[in-house]
Amino acid sequence: MPRPTVTLKIATSMDGRIALANGVSQWITGSEARARVHQMRAEHDVVLVGVGTVLADDPLLTARTVPLPNVQPVRIVADSQARTPVTGRLVQSVGLGRVVVAASQPKGRQVEALEQAGAEVWRCGDVEGQVSPARLLDRCAVEGMQSVFLEGGGKLAASFVAAGLVDTIQWFRAPILIGGDGLPAIAALGLTKMENAPRWRSVSATRIGDDVLETYVRD
Ligand SMILES: NC(=O)c1ccc[n+]([C@@H]2O[C@H](COP(=O)([O-])OP(=O)(O)OC[C@H]3O[C@@H](n4cnc5c(N)ncnc54)[C@H](OP(=O)(O)O)[C@@H]3O)[C@@H](O)[C@H]2O)c1
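Take 1 as the starting number for the sequence shown in the numbering used here and just add one per residue.
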């Protein structure tokens with residue numbers, strides 16, 4: 001069964017930061033770019049984020065297009081210990097579409113609470129106790145999901161990039177500067193040789209409102 005394709009979406013300042021040092025990230029890009037992101041969500045089977053993003057932003061992650069899509073993408077959180085709050089907007093909006101917590105070593109009580117609230121809990125752990133990107137994608141494939149829209153944050157994006165599992169990057173760049181104390185779009189990759197830096201091919205750059213959308217595919 002083929003793994004789903006993965007599109008990584010990043011919304012940054014000109015200097016590649018996804019949030020201020022205090023975690024505030026709303027809103028870096030303008031309303032036109034954000035509308036395009038909703039369209040992109042609607043075009044994918046899955047919207048995926050790390051639990052850091054859920055805890056920082058309490059996001060809904062639905063595709064809010066006009067008109068609304070017939071089926072909402074499945075919303076998945078990579079969350080080793082199943083810390084996703086049951087009272088948050090994601091789980092509370094399960095009536096709008098499936099919500100999955102992809103975990104590694106979840107606590108029984110939290111699994112029970114999430115499942116009771118209508119969310120699903122998958123086990124996709126790696127040897128280090130985090131969520132394995134490959135195992136998560138394999139499970140998506142089993143569920144018939146063919147495309148994943150990965151929306152960050154920087155730590156989860158780095159794991160997928162390091163595992164060579166990102167096919168396309170949709171990079172929205174706003175004309176602001178956040179500075180080196182902001183959060184990087186891609187967390188540490190631990191590279192020591194330039195030739196090992198993952199290389200991408202730029203296929204387009206389009207102005208959207210005040211922002212620029214750059215599209216890259218794996219070289
Ligand atoms: N501008 C944008 O486009 C954008 C988009 C998204 C987020 N953000 C901002 O980014 C910040 C959050 O980013 P973040 O990097 O702190 O968090 P993140 O990438 O959203 O989540 C990281 C957490 O996910 C869990 N995780 C499970 N499996 C993982 C794996 N294989 N690799 C990496 N993480 C894994 C880990 O927690 P456990 O160990 O508990 O599982 C980890 O700490 C927030 O400030 C948010 O506002 C900005």
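The C-beta atom is built at its ideal place from N, Cα and C for all residues, glycine as well.
For the stretch 157-214, list the beta strand (DSSP E) runs that are entirely contained and at least 3 residues long, ordered along the chain.
Correct list: 168-173, 200-208.
Got a sec: does ligand 1 put a non-hydrogen atom nearer than 7 Å to the Cβ of Val74?
no
Given that a residue counts as buried once 16 or more other Cβ atoms are within 10 Å of its Cβ, and exposed if not, what is Lys107?
It counts as exposed.
Quick one, which of Tyr216, Asp181, Pro133 has its alpha-carbon nearest Pro198's?
Tyr216
Starting from the Cα of Gly180, find the closest Cα among Leu48, Lys9, Asn22 and give me that residue.
Asn22
Exposed or buried, what is Trp27 when buried is set at 16 or more other beta-carbons lying within 10 Å of its beta-carbon?
Counting Cβ neighbours within 10 Å, Trp27 comes out exposed, since fewer than 16 surround it.
Would you list the one or two residues that DSSP bridges to Trp27?
Partner(s): none; Trp27 has no beta bridge.
Residue span of the alpha helix (DSSP H) that contains Leu20, given as start and end
For Leu20, there is no enclosing alpha helix (DSSP H), as DSSP gives it neither H nor E.
Backbone CA spacing between Glu128 and Ser159 [nearest angstrom]:
13 Å
For the alpha helix (DSSP H) that contains Glu128, what are its first and last residues?
First-last for Glu128: undefined, no H or E at that position.
So for Gly154, helix, strand or coil by DSSP?
helix
How big is the Cα-Cα spacing for Ala185 and Val142?
30 Å
When DSSP labels each residue in this structure, what does Arg218 get in the three-state scheme?
It is a strand residue.
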